[in-house]
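*Asks:*
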Amino acid sequence: MPQKMDRLKVLLLSSQEPSTDLLREILSRRVLLATAWNREELFHLLRTGRYDVFLCDWEFRGSDWKEVCSEIRQYDPDLPAIVVCRLAGEQEWIEVLEAGCFDILSVPYFDYLVLAVLEQAVASREALSRRTAA
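Quick note: to get our numbering, add 139 to the position in the sequence shown (first position is 1).
#1: Can you tell me whether DSSP reads H183 as helix, strand or coil?
#2: Put V170 into one of helix, strand or coil per three-state DSSP.
#3: Strictly by DSSP, which residues pair up with K148?
#4: For P247, count the other beta carbons within 10 Å of its own beta carbon; 16 or more makes it buried, fewer makes it exposed. Which is it?
#5: I need the straight-line Cα distance from V192 to E231, nearest angstrom please.
#6: Using the Cα positions of F241 and T159, report the straight-line distance between them to the nearest angstrom.
#7: Write down the C-beta distance between L194 and V223 rounded to the nearest angstrom, noting that I regard them as a contact closer than 8 angstroms.
#8: Which one or two residues does DSSP pair with I211 in a beta bridge?
#9: Determine the closest residue to D196 out of H183, V261, S154, with distance taken between C-alpha atoms.
#10: Please state if the CB of G239 and the CB of R200 are separated by a distance shorter than 8 angstroms.
#11: In terms of residues, what are the limits of the alpha helix (DSSP H) holding V235?
#12: Checking 8 angstroms against the spacing of the C-beta atoms, do P216 and A260 come in under that value?
Shown next as structure tokens:
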């Protein structure tokens, strides 16, 4: 597992470029970012690469974000999934957690907040790996 944020490999699924512009800008400065614009690209990237965190746009067109996150868990059960949403309140946060995702990120996207959530997701994944290996 990577130790520095600039070494993290993050996979983002978004069908609406403008809704994730700022987030992609923040991420591209700090992590290795791969963006999929549809399910076909997403699963191609998953087959050909290894990622530390998966981000899924709440407003992804072509499928429900819950469906996509469920498929991701079947493909890689240890990959932390984080949902990105323009407007997120308590109900959305609960929905994301009940769907088995790690967390939700909503606007405004601040560098420190985005990076903190990614760090927590990776740390949680590493802790689970160590616990199951013991």
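We put the CB at the ideal spot given by N, CA and C, even for glycine.
*Replies:* According to the data block:
#1: Here residue 183 refers to the residue found at position 44 when the sequence shown is read from its first residue. Reduced to three states, the DSSP call for H183 is helix.
#2: Reading the sequence shown from its first residue, position 31 is the one you call residue 170. Shown here, V170 sits in coil according to DSSP, grouped into three states, outside any helix or strand.
#3: By one-based count along the sequence shown, residue 148 stands at place 9. BP columns for K148 point to L171.
#4: For this step, residue 247 is matched to residue 108 along the sequence shown. If you draw a 10 Å sphere on the C-beta of P247, you find fewer than 16 other C-beta atoms in it, and that means exposed.
#5: Counting from one through the sequence shown, the residue named residue 192 turns up at place 53. Counting from one through the sequence shown, the residue named residue 231 turns up at place 92. Near 20 angstroms, if we compare the C-alpha coordinates of E231 and V192.
#6: Within the sequence shown, the letter at position 102 stands for residue 241. Within the sequence shown, the letter at position 20 stands for residue 159. Each residue's alpha carbon lies about 19 angstroms from the other.
#7: The residue labelled residue 194 in the question sits at position 55 within the sequence shown. The residue labelled residue 223 in the question sits at position 84 within the sequence shown. Contact between L194 and V223 holds, with the beta-carbon distance rounding to 5 angstroms and staying under 8 angstroms.
#8: For this step, residue 211 is matched to residue 72 along the sequence shown. Answer is none; I211 lacks a bridge partner.
#9: Taking the sequence shown and counting its residues from 1, the one referred to as residue 196 is at position 57. Checked all of H183, V261, S154; the closest Cα to D196 is S154.
#10: Here residue 200 is taken as the residue at index 61 of the sequence shown, counted from 1. Here residue 239 is taken as the residue at index 100 of the sequence shown, counted from 1. No, the pair does not count as a contact, with Cβ atoms beyond the cut-off.
#11: Stepping through the sequence shown from its first residue, residue 235 is reached at position 96. V235: member of the alpha helix (DSSP H) spanning 229–237, first to last residue.
#12: Locating residue 216 in the sequence shown gives position 77, where the first residue counts as 1. Locating residue 260 in the sequence shown gives position 121, where the first residue counts as 1. No, these two residues do not count as a Cβ contact at 8 angstroms.
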